[in-house]
Amino acid sequence: MNKIQQFIVNLYPTTKFLIVLFLALSAFITPGYIWSYLVLPICMFLAYLAGCFKEFSNLAIKALLLIVLFIFLLQAFFYPGQEILWQWGIFSVKQEGIQFALSLTSKIVAVASSLLLFFRITKVKDLVSSLEKLGLSPKVTFIFLSTLQIIPEMQKSTHVIMDAQKTRGVETEGKLMTRVKAFVPILSPLVLGSIASTEERVLTLESRAFSAKGNKTSLYQVNKTKHDLKVRILLLILFILLIVWRVLS
Amino acid sequence: MKIKRGVKHDFTLIAILLIPIGVAINFVGAQIVNLLKLPVYLDTMGTALTAMIGGPWIGMATGIFSNLVKSLLNPVSLAFTPVQMAVGLTIGLLSMAGMFTKVWKVLVAAVIVSLATTIVASPIQVLMFGGATGNSSDALVATFLASGQQMWTAVFSTKIINELIDKSICLLIAYFIVIKMSPRYLSKLNYGSIFIKKKAS
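Given below as structure tokens:
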């Protein structure tokens, strides 16, 4: 890990959140769509500095490409307007529609890419731990963390159940009706099994005083670095400058 | 003994542990659908299940957590969190009213849930995303628009058609799974008793 990467990754989760909040808000404060679209490359650059460029770009494309494309298609063809740019039969692309789509998608891209960046550079564990310090109930953080654990676990058992049902003769390929029939035999053991396991989990958690009242200690801690304050002050100054510039211009 | 219900009493430990399971079922259920290449989404099955046996508040919490987890990978889904909340809340309330005890009642409930989802989802879709969602149902919206309808009616009609199919399958499956649950487990949940009575008769 080089220095810049370490610097970004080691920032306190709420500081990282302030950074992306600033990026997202700036898209709404500045007029037009050019800056809002620029938020995506900026996030990409930050992701590159933090060493997760590939991951970030992959997810950003997956999450945004289709929806942006569809918004453009829907608005370009069906937004009410007079200035026709291109026509084919009854379909026509209108200037106003393109304009509307540009301003709409640019905001979506800005907010979505900054959120995506936040989750790429912040470990969920760190985020949850810092939220707990801010006063979020440990029950909420427990639900969130255990959800993230249970999903891959359940995916594994899905494959086990699918294989088991296949050996019993349940067909999982072929015509639509055969595949529909396979759905319940796969899902119901999965659901009933995982629900049964909650009873054991209740016992385990209660034996560790999960619902006992009183302060809880945490094994995992995140600490603020000396850079956090600097970054926050910098963001505040930038934000004030941005608002002043917007009011004056 | 009368069971206490409400926001303060619903979040018992066993009900809290139901939430992660519900979220995981939402995900894995949708994945199985994908593996079997079925033409539906079924990504609210977990929410339906937990709302039926855990009540409206647990159902709503499952909805919120589902979309939070989903937004780790796709932030667009964060905007649709109120939809999942509405699904959990409506199913929970319907379950309290005993709407999930017979197949025909489940189908009536599916219509009500679809209406509720459509009412919550359409404004989000139109105002925030200009009518698009980024998946295949957009083609249907475009078809409605091309036939001369307004944006709102186009989105509303597309949503209601999709939801009616999706929610009736989803609720039926959830219903068949719930009636298979053991009374011993159901008795530990605040809303489980509704489904036990049905077995005794």
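These protein sequence lines map, in sequence, to chains A and B. Residues 169 to 417 (the working numbering) are what the first sequence spells out, left to right. Residues 16 to 216 (the working numbering) are what the second sequence spells out, left to right. Cβ coordinates follow ideal geometry from the N, Cα and C atoms, glycine included. In this text, all values refer to a predicted model and were calculated from it rather than measured experimentally.
Bridge-paired residues (DSSP) for residue i
{"i": "Val236(A)", "result": "According to DSSP, Val236(A) bridges with nothing at all."}
{"i": "Val261(A)", "result": "Trp254(A)"}
Selected residue, minimal CA-CA separation from residue i, among the options
{"i": "Arg414(A)", "options": "Leu285(A), Thr183(A), Ala195(A) and Ala218(A)", "result": "Ala195(A)"}
{"i": "Met196(B)", "options": "Ile211(B), Val55(B) and Ser92(B)", "result": "Ile211(B)"}
{"i": "Phe312(A)", "options": "Ala136(B), Ser110(B), Leu33(B) and His24(B)", "result": "Leu33(B)"}
{"i": "Lys52(B)", "options": "Thr340(A), Ser356(A), Asn178(A) and Gln317(A)", "result": "Thr340(A)"}
{"i": "Phe80(B)", "options": "Leu57(B), Asn41(B) and Leu201(B)", "result": "Asn41(B)"}
{"i": "Phe26(B)", "options": "Gly37(B), Ile36(B) and Ala76(B)", "result": "Ala76(B)"}
{"i": "Ile36(B)", "options": "Lys171(A), Thr372(A), Ser362(A) and Ile202(A)", "result": "Ser362(A)"}
{"i": "Ser282(A)", "options": "Cys211(A), Thr366(A) and Ser386(A)", "result": "Cys211(A)"}
{"i": "Tyr56(B)", "options": "Ala131(B), Pro97(B) and Ser151(B)", "result": "Ser151(B)"}
{"i": "Ser271(A)", "options": "Met143(B), Leu122(B) and Thr96(B)", "result": "Met143(B)"}
{"i": "Thr273(A)", "options": "Leu206(A), Ala332(A) and Ile252(A)", "result": "Leu206(A)"}
{"i": "Ile318(A)", "options": "Lys301(A), Arg369(A), Lys275(A) and Leu295(A)", "result": "Arg369(A)"}
{"i": "Tyr180(A)", "options": "Thr385(A), Lys301(A), Gly249(A) and Ala364(A)", "result": "Lys301(A)"}
{"i": "Ala278(A)", "options": "Val91(B), Leu201(B) and Gly113(B)", "result": "Val91(B)"}
{"i": "Ser429(A)", "options": "Pro199(A), Asp331(A) and Trp203(A)", "result": "Here chain A comprises residues numbered 169 to 417, so residue 429(A) is not present and cannot be evaluated."}
{"i": "Ile202(A)", "options": "Ile276(A), Ile229(A) and Trp254(A)", "result": "Ile276(A)"}
{"i": "Ala280(A)", "options": "Lys262(A), Ile229(A) and Trp256(A)", "result": "Ile229(A)"}
{"i": "Leu237(A)", "options": "Met166(B), Ala161(B), Gly163(B) and Asp153(B)", "result": "Asp153(B)"}
{"i": "Ala157(B)", "options": "Arg376(A), Phe240(A), Leu371(A) and Leu373(A)", "result": "Phe240(A)"}
Residues of its chain near residue i, where Cβ-Cβ distance is below 7 Å and the 5 sequence neighbours each way are ignored
{"i": "Ser172(B)", "result": "Phe159"}
{"i": "Pro410(A)", "result": "Pro is not the amino acid found at residue 410(A); the sequence shown has Leu there. Taken in chain order, the residues that qualify are Ser194 and Ile197."}
{"i": "Val338(A)", "result": "Ala350 and Pro353"}
{"i": "Gln140(B)", "result": "Gly146, Thr148 and Val170"}
{"i": "Leu358(A)", "result": "Met322, Ser325, Thr326 and Ile329"}
{"i": "Leu186(A)", "result": "Arg400 and Leu403"}
{"i": "Asn178(A)", "result": "Thr393"}
{"i": "Met60(B)", "result": "Ile40, Asn41, Gly44, Cys185, Ile188 and Ala189"}
{"i": "Leu64(B)", "result": "Gly37, Ile40, Ala189, Ile192 and Val193"}
{"i": "Leu93(B)", "result": "Asn82 and Ser86"}
{"i": "Thr290(A)", "result": "Pro181 and Lys184"}
{"i": "Asn183(B)", "result": "Rather than Asn, the amino acid found at residue 183(B) in this sequence is Ser. Excluding sequence neighbours, Ser183(B) sits near Leu122 and Ala125."}
Other residues of its chain near residue i: CB distance less than 6 Å, five sequence neighbours each side excluded
{"i": "Val22(B)", "result": "Trp72"}
{"i": "Lys203(B)", "result": "Ile29"}
{"i": "Thr346(A)", "result": "Glu339"}
{"i": "Pro198(B)", "result": "Ile211"}
Where residue i meets chain D, residues with beta-carbon distance less than 7 Å
{"i": "Ser208(B)", "result": "Note that chain D does not occur in the displayed structure, where the protein chains are A and B."}
Same chain, Cβ closer than 8 Å to residue i, five either side skipped, listed in chain order
{"i": "Arg288(A)", "result": "Ala215, Ala218, Cys220, Glu223, Phe224 and Leu227"}
{"i": "Leu109(B)", "result": "Phe115, Ala124, Ile127 and Val128"}
{"i": "Phe190(A)", "result": "Leu403, Leu406 and Phe407"}
{"i": "Leu316(A)", "result": "Val292"}
{"i": "Gln173(A)", "result": "Leu217, Ala218 and Gly219"}
{"i": "Lys384(A)", "result": "Pro306"}
{"i": "Thr168(B)", "result": "Phe159"}
{"i": "Lys120(B)", "result": "Gly113 and Met114"}
Expected contact under 8 Å - CB spacing of residue i and residue j to nearest Å
{"i": "Ser356(A)", "j": "Ile209(B)", "result": "Not really, about 20 Å apart at Cβ, beyond 8 Å."}
{"i": "Ala131(B)", "j": "Lys174(B)", "result": "Actually they are not in contact, since the Cβ atoms of Ala131(B) and Lys174(B) sit about 11 Å apart, beyond 8 Å."}
{"i": "Asn89(B)", "j": "Ala231(A)", "result": "4 Å"}
{"i": "Ser314(A)", "j": "Tyr388(A)", "result": "Not really, about 15 Å apart at Cβ, beyond 8 Å."}
{"i": "Gly207(B)", "j": "Ile106(B)", "result": "Not a contact, Cβ separation roughly 15 Å."}
{"i": "Val390(A)", "j": "Asp294(A)", "result": "5 Å"}
{"i": "Val188(A)", "j": "Leu299(A)", "result": "Not confirmed; about 15 Å, so no contact."}
{"i": "Gly70(B)", "j": "Asn205(B)", "result": "6 Å"}
Cβ-heavy atom distance, residue i to the ligand MG, below 8 Å
{"i": "Leu208(A)", "result": "Of the ligands one can find in the structure shown there are none, so the ligand MG has no counterpart to examine."}
Segment contact flag, the segment 236-246 of chain A with the segment 296-313 of chain A, C-beta cutoff 8 Å, min 3 pairs: Too few Cβ pairs lie closer than 8 Å, so no.
contact_flag[the segment 94-108 of chain B, the segment 392-407 of chain A] where n(CB pairs < 8 Å) is 3 or more: Segments in contact, no.
Any 3 or more C-beta pairs closer than 8 Å across the segment 253-273 of chain A and the segment 172-188 of chain B: Result no; under three Cβ-Cβ pairs closer than 8 Å.
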